[in-house]
Amino acid sequence: MDNVPGLPGGGLLLKAPCGDFRQHMRFRPRVWGEVSFGSESIGQFRLYTRLTDEFRWCPEPYSNKYTFPDELILDNLYLEGLGLFDGFLDFTFGRQDIYNLYGLDHIFVDGTPGDGSRTVYGDMLRTRMHFTEVSSLDLFTLYNFDDSDVRWGTDRGKHRSLSGLGGGAEPDMDDWGVGAIWNSDLGKALPYQLFVMQKYTRAFRRGGELRPWTLREMVGGKLMPQLNEEWSLQLEAMGQVGRNGDGATLSGWSSYAGVNWKSSAQSSVRPLGKLGYHFMSGDKDAADEDGGHHAWDPMWSRGVNDSELFLYGTHYGAAWWSNMHYLKLTAGIDFGRRHTLVAATGPMFAAAQDDLGGGNGFFKGLLSQVRYDFPIMLADKEKGERFEIFGHLYAELFNPGDYYETDKPAWFFRWQVDFKF
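Numbering that gives the first Met the number 0 numbers the first residue of the sequence shown as 0 and each following residue consecutively.
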C-alpha cells in the first residue's frame, strides 16, 4: 500500500498528508477442532476451539516484530447449545468471532481491529429465545481485551495492542457492552430488527496522554423488505447518547439505505448488484475534543467491510469509521463455487469539516475496489475429500478530494492463497 491518508498505524490528531509505502507478507496458520453431543430431548451441544498464529516477512519498511514463531493465541473457545427447553433457547458462551453478528454489519464486525485480520473475536455470552416461528429475542454481553490474555510465544508479541487504540507500549484500552435485539417479521417478506445496546470504553493512554473513558447507549432499528426473489431493501437508523470521564455529553447518529439485486436465473453465471448510502455523524471540534462529542462511535463495527485501505488510514483510530457520507455502487458476477468477480466505487464526503484531513473541503475522495475469488483445487465432498486450495486478488484505489491536503492517489493491493485440509 502507498499514500494512505493519515500515516498507517497512526490515529487521531496525526495529520500526516499520506502514509509511507509498505509491503509485507503474512503467514497465518490456524488449527481448529470441535466435539458435538446431545439429543432432541435435551438439546444439541457443540464445543469448538481454534488456535491461530501469524508471522510476517516485512521487507519495506523492515521489521522483525512479527517474525516466526511470534505467538500462538487462543482464537476461539466456546460452548454452543441449540434447541434447549423444547427449542425455546439457544446459547453460545466463550471466545467467538463477532463478524457480522446478528446480521448487523454496521454494529458488529471486529472485536480486535488492531490485530489486522488475524483475529476478529470477542469474549461473549449470547442467548436467543424463540417465541414464535418468526419472532425471537437475542441478549448478549461481551468483553474485548486490548491485550492477549491467553498466548504462547516470543517476548515481541507480549502486550501487543489488539484494539489499535492504546498503541504500542500502552495497550490498556478495553471495552465491554450489553444489548438486546428483537427479531420479527411484519409479513413473510418484511423482516425487521429493533435493538438497544450499551458500550463502555475504558480510559487509555495515547502518546503518554490519558484519554477519558466513555459510556454510550444506542437504540436503532433495521428493516429488510424482500420485494421478490431478486430484489431486496435494507434500511437502518441508529442514535447514540452518552458521557465521558471529562463530564462531557456525547451523542451521534447513523443511517443506511440500500437496494440489493441478485439474479435468480438457474445459470452457472449469475450477476449481482447493490447500491447503498451510509451516513455517520461527525464533529467539527474533533481535533480539539479527542474525536468530537457528537461524532458517531462505530461500536464494534471496526473492520474491513467497506475498505481495507481505510483500516490503516482513518484519523480517528484503527478502523474507526465515523464522520462520513458514503455512496457505494457494487456490481459483480457469481461464477459458481468459490468463483466471483466484484467491483465497487463511490464518493466519500465528511459529515463535518473537522480539519483532520488538512484540507479545506468536505469531499474526502473517490474509493474504488475490485476483488476476484478463484478456486485452484476443490474437494469432492461426495467422495469425502477435504483438501482444498483457493485464493483471491484484491485492490483498492483512493483518489483524495479537498478534505485532504494531498492529491496523491492511494492504493492497496493483496493477493492471498488459502490451503484447507
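For every residue, glycine included, the Cβ atom is placed at its ideal position computed from N, Cα and C. Just so it is clear, the structure is predicted and the values come from calculations on it, not from any experiment.
From the DSSP output, read off the bridge partner residues of Tyr371. Numbered from its first residue, the sequence shown carries residue 371 at position 372. Tyr371 is bridged to Leu340 and Leu392.
Output the distance between the C-alpha atoms of Gly167 and Leu76, rounded to the nearest integer angstrom. Here residue 167 corresponds to residue number 168 of the sequence shown, with the count starting at 1. Here residue 76 corresponds to residue number 77 of the sequence shown, with the count starting at 1. With a pLDDT of 48 at Gly167, under the threshold of 50, the predicted position of this residue should be treated as unreliable, and no value is reported.
Distance between Lys363 and Leu396 (C-alpha atoms, nearest Å): Position 397 of the sequence shown holds residue 396. Position 364 of the sequence shown holds residue 363. Taking the straight line joining both Cα atoms gives about 13 Å.
Under DSSP, the alpha helix (DSSP H) around Phe422 begins and ends at which residues? Residue 422 is absent from the model: the chain starts at 0 and stops at 420.
Can you give me the start and stop residues for the beta strand (DSSP E) that Met440 sits inside? The requested residue 440 is not part of the displayed model; the chain covers only 0 to 420.
Run the CB neighbour count on Ser321, radius 10 Å, all protein chains shown included, and call it buried at 16 or more, exposed below. The residue labelled residue 321 in the question sits at position 322 within the sequence shown. Ser321 comes out buried.
Around the Cβ of Leu226, are there at least 16 other Cβ atoms within 10 angstroms (buried) or fewer (exposed)? Sequence index remark: in the sequence shown, residue 226 carries index 227 (1-based). Leu226 is exposed by the Cβ-count criterion.
Helix, strand or coil at Tyr199 according to DSSP, with G and I counted as helix: By 1-based counting over the sequence shown, the position of residue 199 is 200. Strand at Tyr199.
For Tyr422, the three-state DSSP class (helix, strand or coil): What is shown of the chain runs 0 to 420, which leaves residue 422 out entirely.
Considering only DSSP beta bridges, list what Leu100 is partnered with. Within the sequence shown, residue 100 is the residue found at index 101, counting from 1. Leu100 pairs with nothing; no bridge assigned.
Under the three-state DSSP convention, the category Glu53 falls into: Residue mapping note: residue 53 aligns to position 54 of the sequence shown, counting from 1. Glu53 falls in the coil class under three-state DSSP.
Separation of Ile332 from Ser267, as counted between CA atoms: Position 268 of the sequence shown, counted from the start, is the residue given in the question as residue 267. Position 333 of the sequence shown, counted from the start, is the residue given in the question as residue 332. Roughly 10 Å between the two C-alpha positions.
In angstroms, rounded to a whole number, what distance separates the CA positions of Leu46 and Leu83? Here residue 46 is taken as the residue at index 47 of the sequence shown, counted from 1. Here residue 83 is taken as the residue at index 84 of the sequence shown, counted from 1. Their backbone Cα atoms lie some 16 Å apart in a straight line.
Residues near Tyr276 in its chain [Cβ-Cβ closer than 6 Å; skip 5 each side]: For the purposes of this step, residue 276 is identified with residue 277 of the sequence shown, where counting begins at 1. Taken in chain order, the residues that qualify are Ala256 and Leu326.
Proximity to Ala285 [Cα-Cα], best of Leu310, His314, Met298 and Asp305: Position 286 of the sequence shown, counting from 1, holds the residue named residue 285. Nearest C-alpha to Ala285: His314.
Measure the C-alpha to C-alpha separation of Asn398 and Leu365 and round it to an integer number of angstroms. Walking along the sequence shown from the start, residue 398 turns up at place 399. Walking along the sequence shown from the start, residue 365 turns up at place 366. If I take the Cα positions, the gap works out to 5 Å.
Only counting the same chain, and skipping five residues up and downstream in sequence, which positions put a Cβ closer than 7 Å to that of Lys283? Along the sequence shown, one-based indexing puts residue 283 at 284. So the list reads Ala351, Gln352 and Asp353, once near-sequence residues are dropped.
Considering only the alpha carbon of each residue, which of Phe361, His338, Ala318 and Tyr65 lies closest to His391? The residue labelled residue 391 in the question sits at position 392 within the sequence shown. That would be His338, whose Cα lies nearest to the Cα of His391.
With a cut-off of 9 Å, does the C-beta of Phe418 fall near any C-beta of chain D? You won't find chain D in this structure, because it holds only one protein chain.
In this structure, does DSSP put Arg94 in helix, strand or coil? Taking the first residue of the sequence shown as position 1, residue 94 is located at position 95. Correct three-state label for Arg94: strand.
By DSSP's criteria, Arg27 is part of a beta bridge. Which residues make up the other side? Here the question's residue 27 lines up with position 28 in the sequence shown. Bridge partners of Arg27: none, in fact.
Pair every Cβ in the stretch 38-45 with every Cβ in the stretch 128-145, then say whether three or more of these pairs are closer than 8 Å. no
Check Asp145 in the structure and name its three-state DSSP category. Start at 1 with the first residue of the sequence shown, and residue 145 comes out as number 146. Asp145 falls in the coil class under three-state DSSP.
Other residues of its chain near Gly400: CB distance less than 7 Å, five sequence neighbours each side excluded: Here residue 400 refers to the residue found at position 401 when the sequence shown is read from its first residue. Counting only Cβ-Cβ distances below 7 Å, and skipping sequence neighbours, we find Gly360, Phe362, Lys363 and Gly364.
Going along the chain, which unbroken runs of the beta strand (DSSP E) with 3 or more residues stay wholly within the stretch 250-333? 269-279
Going by the beta-carbon positions, is the gap between Ala317 and Pro60 smaller than 9 Å? To locate residue 317, count along the sequence shown from 1; it is residue 318. To locate residue 60, count along the sequence shown from 1; it is residue 61. Their beta carbons are not under 9 Å apart, which means Ala317 does not touch Pro60 by this criterion.
Kindly confirm or deny that the stretch 88-97 and the stretch 169-185 touch, where touching means at least three C-beta pairs closer than 8 Å. no
Using a 10 Å radius around the Cβ and a threshold of 16 neighbouring Cβ atoms, would you call Val434 buried or exposed? Nothing in the structure corresponds to residue 434, since the chain is present only between 0 and 420.
Closest by CA to Asn99, which one among Asn304, Phe420, Arg201 and Asp417? By 1-based counting over the sequence shown, the position of residue 99 is 100. Of Asn304, Phe420, Arg201 and Asp417, the residue nearest in Cα terms is Asn304.
So Trp252 and Gln239 are in contact, right, with Cβ under 8 Å, and what is the actual spacing, rounded? As a working note, residue 252 is residue 253 in the sequence shown. As a working note, residue 239 is residue 240 in the sequence shown. Going by Cβ atoms, the distance from Trp252 to Gln239 rounds to 7 Å, so yes, they are a contact pair.
For Glu53, count the other beta carbons within 10 Å of its own beta carbon; 16 or more makes it buried, fewer makes it exposed. Which is it? Position 54 of the sequence shown, counted from the start, is the residue given in the question as residue 53. Buried, since its Cβ has 16 or more Cβ neighbours within 10 Å.
Top-ranked residue by Cα proximity to Pro28, from Met223, His292, Thr140 and Ile72: Translated into positions along the sequence shown, residue 28 becomes position 29. Comparing Cα positions, the closest option is Ile72.
Are Gly32 and Thr48 close, meaning C-beta to C-beta below 9 Å? On the sequence shown, position 33 is the one that residue 32 refers to. On the sequence shown, position 49 is the one that residue 48 refers to. A contact, by the Cβ cut-off of 9 Å.
May I ask you to report which of helix, strand or coil DSSP gives Glu384? Locating residue 384 in the sequence shown gives position 385, where the first residue counts as 1. Glu384: coil per DSSP, three-state reduction.
With distances taken from CA atoms, which of Arg150, Lys273, Arg269 and Thr248 is nearest Val258? If you number the sequence shown from 1, residue 258 lands on position 259. Of the candidates Arg150, Lys273, Arg269 and Thr248, the one whose C-alpha sits nearest the C-alpha of Val258 is Lys273.
Where does Gly186 land, buried or exposed, given buried means 16+ other C-beta within 10 angstroms? What you label residue 186 is simply residue 187 of the sequence shown in a count that begins at 1. Exposed.
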